[in-house]
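The structure under discussion appears below in the form of structure tokens.
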Amino acid sequence: MLLHCGHARYVWNLAVEQHSHWYKGRKAAPGFAEQCRQLTEARRDSEWLGAGNADVQQQALKDFAKARNAKFTSGFGGPTWRKKYVHEGFRVIGTDRVPECNEDGSPKLNTKTGKQVMGRSVVVQKLNRRWAHVKVPGCGWVRFRLTRAELPEAKSFRVTYRNNQWHIAFAVIPEPVDAPGTGEVIGIDRGVKITVALSDGRKLNCPQLTVKERAQIRKHQRRAARAPKGSEAKTAEYAKVAKLKAREADRRKDWCEKTSTMLARTYDLVRFEKLNIKNMTGSAKGTLAEPGKKVRQKAGLNRAILAQGWGLLRQRTEHKAPGRVEDIPAPFTSLRCSACGWIEKKSRKSQADFVCVSCGFTCNADENAAVNVAAGQGGFPRPRRSAGAGGMTTATSRSSVREPQPIRVGIPLFLF
Ligand SMILES: [Zn+2]
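Sequential numbering of the sequence shown, starting at 0, is according to numbering that gives the first Met the number 0.
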């Protein structure tokens, strides 16, 4: 399987090279069909490549073509180089021939010949409740641990290798989660201290590494730094660091999956405050002529932001509840009073406390922001002045009618 990985990476990188700028200057970059022809030639010329599996190599080209087409829609940009030990993996297309069906269940026929269209299916068998095996070309049956109750019905699967672990993923697009139909709207405020604050007052935290695990990472990093260059001990220590860091990423992913499923199942509409994580996590380094300030601190904050998995949570919720996720472009959500609509910097007393300077409404700062997001309200520094209702707001109108306060009074309104 490592050899498959090597072949796939080699073919992929050749394709990247063909589409890179310096190559393009000489010749037009070949498309998928042309690349397949070239691959056949290359397999004849190279003994190493020719000994590998043709399907695996061709699938690498197909993946590349797909990645290139999705350059502007995937959010990841165009395909880039694959690195040894980092981007190891290959795709296998199923070998079983099965008749394809239309969406209504009738057999799919070729429009020209009228013959039944045959699709591909992965050969996979369940061994027991926890284990199954799949046929990998050139390797025979490969056992894998099941993470779902049912066997997947997929046309292809992808095998990846990282941090000494093999993973298998079947290409299946799951059905979206049904909306509960209660009409409930939830607002979500994402933060560093509390990962996710919901507008119903719940606070959910993304699991991080424990203090002990973090100490272990530091220990192994220290040992690796002290080990002689190129020694086996150094590699082993770095492998331990990588394993612990992978654990953190696994936990984050798991949490995002569970939370997004919960959101998709319990609420009809999920509103996230619009964040530009890429801008938020930009480096503070600056230029050589104008070096930035507090570069290390910003790097630390960036790490904290990225460790929260904000982007992944939003993305997975959208996958599970398509059309039921909204982004609220909301400046000042954290400064706006969710009771009266007054926006004032001084209202945010501390990281956790929100006390409105206008109406005295007290709330947890994150929850307050989440309620604003749920209402779709960000607003601007000056609240809207509605005509007619000039005067002061009373306690009753504050709690029952959640409207922007018409006129700001000079002295804070305390109600005794
Ligand atoms: Zn207020």
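We treat Cβ as the ideally placed atom computed from N, Cα and C, and that holds for glycine.
- Task: Leaving out five residues on either side along the sequence, give the residues of the same chain with a beta carbon under 6 angstroms from the beta carbon of Pro-380.
- Result: Only weak support is given to the placement of Pro-380: the predicted model assigns it a pLDDT of 45, under 50, and the value that follows is read from those uncertain coordinates. The answer, listed in chain order, is Ile-342.
- Inter-residue Cα distance where the pair is Phe-271 and Gly-186: So the two alpha carbons sit approximately 6 angstroms from each other.
- Cutoff 8 angstroms; reference Val-226; Cβ partners in own chain excluding five residues on either side: Here the sequence assigns Ala to residue 226, which means Val is not the residue at that position. Excluding positions up to five away in sequence, the list reads Ala-232, Lys-233, Glu-236.
- Item | Residue from Lys-257, Arg-217, Phe-169, Ala-178 whose Cα sits closest to the Cα of Asn-204 | The shortest C-alpha separation from Asn-204 is found at Lys-257.
- Where does Thr-234 sit, in a helix, a strand or coil, going by DSSP? Under the three-state reduction of DSSP output, Thr-234 falls in the helix class.
- C-alpha distance - Gln-37 paired with Ser-19, whole-angstrom precision: Those two C-alpha atoms are separated by around 17 angstroms.
- Between the region 79-96 and the region 30-44, are three or more C-beta pairs nearer than 8 angstroms? Flag = no, the region 79-96 and the region 30-44 do not touch.
- Under 8 angstroms Cβ to Cβ from Val-171, same chain only, skipping five residues before and after it: list those, please. Within its own chain, the residues whose Cβ lies closer than 8 angstroms to the Cβ of Val-171, once the five positions on either side in sequence are excluded, are Pro-151, Glu-152, Ala-153, listed in chain order.
- Status (buried if at least 16 other CB within 10 Å, exposed otherwise) for Thr-110: Residue environment analysis places Thr-110 among the exposed positions, since fewer than 16 neighbouring C-beta atoms fall within 10 angstroms of its C-beta.
- DSSP beta-bridge partners of Met-0: Residue pairing by DSSP places Met-0 in no beta bridge whatsoever.
- Task: Quick one: residues with CB closer than 5 angstroms to any heavy atom of ligand 3, in chain order, please.
- Result: The model depicted lacks ligand 3 and carries ligand 1 instead.
- Can you tell me where the beta strand (DSSP E) with Asp-326 in it begins and where it stops? Taken as a continuous stretch (DSSP letters only), the beta strand (DSSP E) holding Asp-326 covers 324-327.
- Quick one: what's Asn-363 bridged to in DSSP? Answer by DSSP bridge pairing, in chain order: Asp-352.
- Measure from the C-beta of Ser-333 to each C-beta in chain D and report whether the shortest distance is under 9 angstroms. Within the model displayed, chain D is absent; a lone protein chain is all it includes.
- Query: DSSP on Arg-381, reduced to helix/strand/coil?
  - Reply: Any answer about Arg-381 is weak, because its pLDDT of 45 lies below 50 and its placement is not dependable; what the coordinates show is given next. Arg-381: coil per DSSP, three-state reduction.
- Task: Report the residue from Pro-78, Ala-69, Asp-44, Gly-49 whose alpha carbon sits nearest the alpha carbon of Asn-12.
- Result: Proximity to Asn-12 across Pro-78, Ala-69, Asp-44, Gly-49 peaks at Pro-78, based on C-alpha coordinates.
- contact_flag[the region 348-359, the region 161-181] where n(CB pairs < 8 angstroms) is 3 or more: The region 348-359 is not in contact with the region 161-181.
- If Gln-57 and Cys-35 are in contact, beta carbons under 8 angstroms, what's the gap, nearest whole angstrom? Taking C-beta atoms under 8 angstroms as the contact rule, Gln-57 and Cys-35 qualify, at a distance of about 6 angstroms.
- Excluding the five sequence neighbours on either side, which residues of its own chain have a C-beta within less than 6 angstroms of the C-beta of Leu-262, listed in chain order? Close CB contacts of Leu-262 within its chain, under the 6 angstroms cut and outside five residues either way in sequence, are with Val-269, Thr-316 (chain order).
- Task: Give, in chain order, every unbroken run of the alpha helix (DSSP H) that is at least 4 residues long and sits entirely within the region 29-71.
- Result: Counting only runs of 4 or more, we get 31-44, 46-49, 53-68.
- Item | With 16 other Cβ atoms within 10 Å as the buried cut-off, status of Arg-217 | Arg-217 is exposed by the Cβ-count criterion.
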